[in-house]
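Asks:
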Amino acid sequence: MNSDLSKILNELAVLLDIKGVEFKPRAYEKVAYIIESLAEEVDEIYKKGGLKALEEIPGVGRGIAEKIEEFIKTGKIHELEKLKTEFPVDINGLKKVEGLGPKTIKRLYNELGIKDLGSLKKAAEAGKLKKLEGLGEKSEQKILKSISFLEQFRGRFSIAAALPLSRRIVERLRSLPEVKKAEFAGSIARMQETVGDLDILVISDKPSKVMDFFVKMPEVQEVTAKGDTKTSVRLKVGMDADLRVVAPESFGAALQYFIGDKYHNIAVREIAVKKGYKLNEYGLFEESGIKNHELRVAGETEEEIYKTLGMQWMPSEMRTDHGEIEAALQNKLPDLVGYEDLKGDLQVQTDWTDGDNSIREMAEAAKKQGLEYICITDHTAALAMTGGNDEKRLLKQMAEIDKVQKEVSGIKILKGAEVDIHKDGTLDIDDETLAKLDVVGISVHSRFKMTEKEMTKRIVRAMENPNADILFHPTGRLVQKREAYKIDMAEIIKTAKKTGTILEANAYPERLDLKDEYIRQALESGVKISIDSDAHSTSHFQFLEYGIGQARRGWAEKKDVINTRNWEEMLGLLK
DNA sequence: GCCGTTTTCGGCCCGACTGTTTTCAGTCG
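Just so we're aligned, residue 480 is where the first sequence starts under my numbering, counting upward by one.
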């Protein structure tokens, strides 16, 4: 619902842009962004409180509320349908082509009848684009290149691919004598589950040397822009990378500028304007009284910028304009769980089922990662393809864990299972055996297509089992691959609260489930979470970082995460 | 179209780079 509506509002924004309407497109665009990351579905909000409730959503006024109502009732927005007849063009497709904005798309349609990627490609190959005024040979080539890129790579990149790459490049830049400081920014610093490009920031008084080094890195496929302060390249893996070089007195301002997302930045700059300042990537400025001469009042660090604006400094992961600005103005920011705070990992698979490594190997690897305990949670029998444990084999594995525990020191190995939830909500292992385990994780692995009502009932029933401690990967989504199954998250959270069930923030990069906004919603209801790697191999414990990132995006504090405690205390928080 | 302890009307973030231009529009983030 929300993502469909968000897409439609974005389309409306572009079409209005094309028509030359001012400001309205920005309003629609912003609402589309907000709705996309709303935890609650808009039709639920509407069902509960009607138009009035819709208007409570930030950025939604009477006009947009009525359009949302129309969408809920009819599945369409009349104004958009009308605009689409006037301008029958595949906006979402064309907009993905680099260098194509509303103005150019409009001209391409009016002058060449181009409606979609296919007709655009044909026209470019026939050399028709360069004949248009304002476009030339280079523009045409750029468009062709971008189309072939789109054909080759689809979608965004996983944080698990982007973050290590980003770190490697930053480390390399730091080793240059000309570089005084280097940091990555952008969506990676915000720990978004997927990222579009890498943003890297450097302090240097020899920008051109740094730029030269950057464009010659082995990962670089081609250079798309090169200037004194900014250089953009496309990497061989298909990702774009931007490098900005600034002076030391601007480093904080540049970080501030490139870490926050668009809406965070707009909001902060508006606050600056209201207080009589101007904020850009070079600093926070005020008028000096002398013509064309502004006074820099802050810029070297982010802290001084936020402080001058009357705000607390806030962690990167929060900078999305989802309430952090108001909280920072009121000195009420949460104290987020830290990347070093996890003491244990509560979902670990071994070669008893579909994992690659033995219990012992996993324990040793976790210890090396700095963990104090892990819980072995192999699959159960219903998941036959993994060779899942039945009661008998589970008891055998528990004995094996006791044996391994005697052989390894410095890490506690807890006994658990990832118990399959049957379609009727009963569990795959009998209660007597479950009661013997330290931690019982439950999860859905089949029949994803149930109705929302059925699926919710199924999971609620499973959570009500007095042995069920943690709901593993609660929504079943796979990032960019599979939608979550239909589920009433508010009901799940309510049940978690009532039954004392923990919700998992699964850190496996392709899951990241719960996702950030659900984490936040759960915490607001007083539900606790666990952050688990779902490791299937010794190298997977490093995934915990991504789970912590999502938890931080969901405003989780240390106290909200059960596996920040030592294992005895943690067990005390289970049913 | 939204929004407001400086506004219910009149604002709406800010700058870099490219390409095709003779001073700037368009796009991007």
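The C-beta atom is built at its ideal place from N, Cα and C for all residues, glycine as well.
Any contact between the stretch 484-504 and the stretch 559-574? By contact I mean 3 or more CB pairs, one from each, below 8 Å.
Replies: Taking 8 Å as the limit for Cβ pairs, the verdict is that the stretch 559-574 does touch the stretch 484-504.
Asks: For my contact list, V827 and A1014 are in at a C-beta cut-off of 8 Å; report their separation, rounded to the angstrom.
Replies: Indeed, because the Cβ distance is near 5 Å, the residues count as touching under 8 Å.
Asks: Would you call the CB atoms of V699 and L629 closer than 8 Å?
Replies: Not a contact, by the Cβ cut-off of 8 Å.
Asks: Under a Cβ-count criterion, where at least 16 other Cβ atoms within 10 Å of its own Cβ denotes burial, should N868 be classed as buried or exposed?
Replies: It is buried - the Cβ of N868 has at least 16 other Cβ atoms within 10 Å.
Asks: For the stretch 882-896 against the stretch 928-940, are there 3 or more C-beta pairs whose distance is under 8 Å?
Replies: The stretch 882-896 vs the stretch 928-940: no contact.
Asks: Once the 5 residues before and after H924 are set aside, which same chain residues still bring their CB inside 7 Å of it?
Replies: Counting only Cβ-Cβ distances below 7 Å, and skipping sequence neighbours, we find L862 and D899.
Asks: What is the DSSP secondary structure of N589, counted as helix, strand or coil?
Replies: Helix at N589.
Asks: If we count Cβ pairs, one from each stretch, closer than 8 Å, do we get three or more for the stretch 700-708 versus the stretch 977-995?
Replies: The answer is no - the stretch 977-995 does not touch the stretch 700-708, with fewer than three Cβ pairs under 8 Å.
Asks: Within 10 angstroms of its Cβ, does A878 collect 16 or more other Cβ (buried), or is it exposed?
Replies: Its Cβ having fewer than 16 others within 10 Å, A878 is exposed.
Asks: Using the three-state DSSP reduction, which class does N489 fall into: helix, strand or coil?
Replies: Correct three-state label for N489: helix.
Asks: Considering only the alpha carbon of each residue, which of L644, S1018, I626 and L774 lies closest to A844?
Replies: With distances taken between Cα atoms, A844 lies closest to S1018.
Asks: Could you tell me which of Q1029, I966, I949 and Y964 sits nearest to K976, measuring between CA atoms?
Replies: Cα-wise, what sits closest to K976 is I949.
Asks: Starting from N759, trace the beta strand (DSSP E) in both directions and tell me its first and last residue.
Replies: Run containing N759: K757 to N759, per the beta strand (DSSP E) assignment.
Asks: Please say whether I745 and S795 have beta carbons closer to each other than 8 Å?
Replies: No.
Asks: Assuming D899 is part of the beta strand (DSSP E), what are its boundary residues?
Replies: Run containing D899: K891 to D899, per the beta strand (DSSP E) assignment.
Asks: Are three or more beta carbon pairs between the stretch 1021-1034 and the stretch 997-1009 nearer than 8 Å?
Replies: They touch, by the three-pair rule.
Asks: Within 10 Å of its beta-carbon, does N589 have 16 or more other beta-carbons around it, so buried, or fewer, so exposed?
Replies: Exposed is the call here.
Asks: Does the stretch 533-551 come close enough to the stretch 510-522 to have 3 or more Cβ pairs within less than 8 Å?
Replies: The stretch 533-551, when compared against the stretch 510-522, does touch it at the 8 Å Cβ threshold.
Asks: Return the chain-ordered list of same chain residues with a C-beta closer than 8 Å to the C-beta of A603, the five sequence neighbours on each side being excluded.
Replies: Cβ neighbours of A603 beyond the five flanking positions: E619, I622, L623 and I626.
Asks: Here's a check: name, in chain order, each residue in its chain whose Cβ is nearer than 7 Å to the Cβ of P727, leaving out the five neighbours to either side.
Replies: If we look at P727 and ignore the five residues flanking it on each side, its Cβ neighbours are K659, I682 and E779.
Asks: By the 10 Å Cβ neighbour count, where 16 or more other Cβ atoms means buried, how is D910 classified, buried or exposed?
Replies: So D910 ends up on the exposed side.
Asks: Identify every run of the beta strand (DSSP E) within the stretch 934-991, keeping only runs that are complete inside it and at least 3 residues long; order them along the chain.
Replies: For the stretch 934-991, whole beta strand (DSSP E) runs of length 3 or above, ordered along the chain, are 981-985.
Asks: If you measure between the beta carbons of A986 and F1022, is that distance less than 8 Å?
Replies: Contact: yes.
Asks: Does the beta-carbon of T553 have 16 or more other beta-carbons within 10 angstroms, so that it is buried, or is it exposed?
Replies: T553 should be labelled exposed.
Asks: By Cβ distance, which residues of its chain are closer than 6 Å to L803, with the 5 residues on each side in sequence left out?
Replies: The residue you asked about is not Leu; residue 803 is Glu in the sequence shown. Answer for E803: M793 and M797, listed in chain order.
Asks: On the criterion of 16 or more Cβ atoms from any shown chain inside 10 Å, does T1125 qualify as buried, or is it exposed?
Replies: Limits of the chain in this structure are 480 at one end and 1054 at the other, which puts residue 1125 out of reach.
Asks: Who are the near neighbours of K1050 in its chain, counting only those whose CB is closer than 7 Å to its CB and skipping five residues on each side?
Replies: With the sequence shown as reference, residue 1050 is identified as Leu, and Lys is not the correct amino acid for it. Taken in chain order, the residues that qualify are D917.
Asks: Per DSSP, what kind of secondary structure is L906 in: helix, strand or coil?
Replies: Strand.
Asks: Answer yes if the stretch 657-672 comes into contact with the stretch 631-649, meaning at least three C-beta pairs across the two stretches below 8 Å, and no otherwise.
Replies: Segments in contact, yes.
Asks: Would you mind working out which of H901, S516 and D857 sits nearest T865, comparing C-alpha positions?
Replies: Comparing Cα positions, the closest option is D857.
Asks: What are the boundary residues of the beta strand (DSSP E) that L722 is part of?
Replies: From DSSP, the beta strand (DSSP E) with L722 extends over D719 to V725.
Asks: Within a Cβ cutoff of 7 Å, which residues of the same chain sit near T829, ignoring the five residues on either side of it in sequence?
Replies: For T829, where only same-chain residues beyond five positions count, the Cβ hits under 7 Å are N836, S837, I838, M841, I855 and D857.
Asks: For S711, report the span of its beta strand (DSSP E) as first-last.
Replies: Unbroken beta strand (DSSP E) run through S711: K709 to L714.
Asks: Hey, V958 and E983 are a contact pair by Cβ (cut 8 Å); roughly how many whole angstroms apart?
Replies: Not quite, the Cβ-Cβ distance comes to about 16 Å (not below 8 Å), so this is no contact.
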